[in-house]
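Note that the numbering used here gives residue 2 to position 18 of the sequence shown, counting from 1, and the numbers run on in steps of one.
The C-beta atom is built at its ideal place from N, Cα and C for all residues, glycine as well.
Being a predicted model, the structure only gives us computed values, none of them experimental.
Some notes on the structure that comes next.
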Amino acid sequence: MHSIPFGVPRLDSIIGGGAPPGNVVLLAGESGAGAREFLYTSATMNALSRADEDLFDLHYGTLDDAASPPPEIHYVSFTSGEQYLREEMAYTMDSDIVEAAIDYIEFHDLSPEYFQLSPIPREWYLGQPTQLEDLGHRHNRESVLGALGNTLSEHAPGNLVVIDSLTDLVAGRSEDMTWSDIAMVMKGLEKASYQWGGLILALVSTEALSETELGILKGATDGTLLFKWETGGSKRARTMVVQEFRGVLSRLESENIVQFETEIKESGLDVSDVRKIR
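Set out below in structure tokens:
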């Protein structure tokens, strides 16, 4: 079975090329600890493998024999458009890498569905003023979870999809979108992704969830990468722990790996050190 690269070179080399196809992976982390940077790196480096082989070889290296980049990369956002995300990715990675890769990433902006039932003025997210007739048709519009489901059904099979982010859904809970709805969609996504055979990465902030809610999301996905800040003396380090991951965790356990230290470089997030049981 081939693997789909995460796009993080040292991690991919340790786990045999990447993630097994058919997985939903939760990227859960504290603010600035690396979860978002991991998301950007995965989307960009997988796109770069298609866009510029020389640049990919320079910044990533050689793919594992068992690894195969997905044919398409899709970036789903509930609150941001393509131009904003381009700029944010360029803050994390070298602009040459982002510019080369960006045309191979398809962006899906679900902010119209996300904000439609909120008091947010239309011109804030669509650039158009709210009209009287718009108010009367709001109830006929597609829900944000429905729009997410349709987007995934169309584009997720065989491909890489990154979801930015579940935190937005949690923050947008209401009578029309409850916590139970969000949890059920994630559980259904886990079942569907196994049939689709691609890779789905879903970002969430641990600071926005209770321990119970985070536990539910972990149980509704195939694997969790947990990003934390660790302080020692006068320095802070970004750390990443792999939790319950089908086809990956057993490999790490066999090598006694318990934690990764990560760093942000011009090519995005990468593993800087590996901590093992001694």
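Between the CA atoms of Glu174 and Ile86 - distance to the nearest angstrom: 27 Å
Residues near Glu214 by beta carbon distance below 6 Å, same chain, minus five either side: Ala221 and Thr223
Rounded separation between Ile261 and Leu236 - CA only: 11 Å
Identity of the residues DSSP links to Lys219 by a beta bridge: Gly216
Beta-ladder partner(s) of Ala84, from DSSP: For Ala84, which the question treats as bridged, DSSP gives no partner whatsoever.
For Arg20, the nearest candidate out of Thr205, Arg259, Asp257 and Ile248 (CA to CA): Ile248
Sheet register partners of Gly260 (DSSP bridge): First, the residue type needs correcting, since residue 260 is Lys and not Gly in the sequence shown. Note: Lys260 sits in a beta bridge opposite Ile241.
Through-space distance from Leu201 to Ser127, alpha-carbon basis: 21 Å
Cβ neighbour criterion (16 or more within 10 Å) applied to Thr25: buried
Identity of the residue in Pro53, Val255 and Val8 nearest Gln243 by Cα: Val255
Euclidean distance between Cα positions of Ser52 and Thr162: 37 Å
For Asn7, the residue or residues it bridges with in DSSP: Leu183
Bridge partners - Phe22, DSSP secondary structure assignment: In the DSSP output, where bridge partners are listed per residue, Phe22 has none listed.
DSSP bridge partner residues for Val146 (one or two, in chain order): Tyr59 and Leu185
Nearest-angstrom Cα separation, counted from Ala3 out to Asn45: The amino acid occupying residue 45 in the given sequence is Gly; Asn does not appear at that position. Using only the alpha carbons, I get a separation of about 17 Å.
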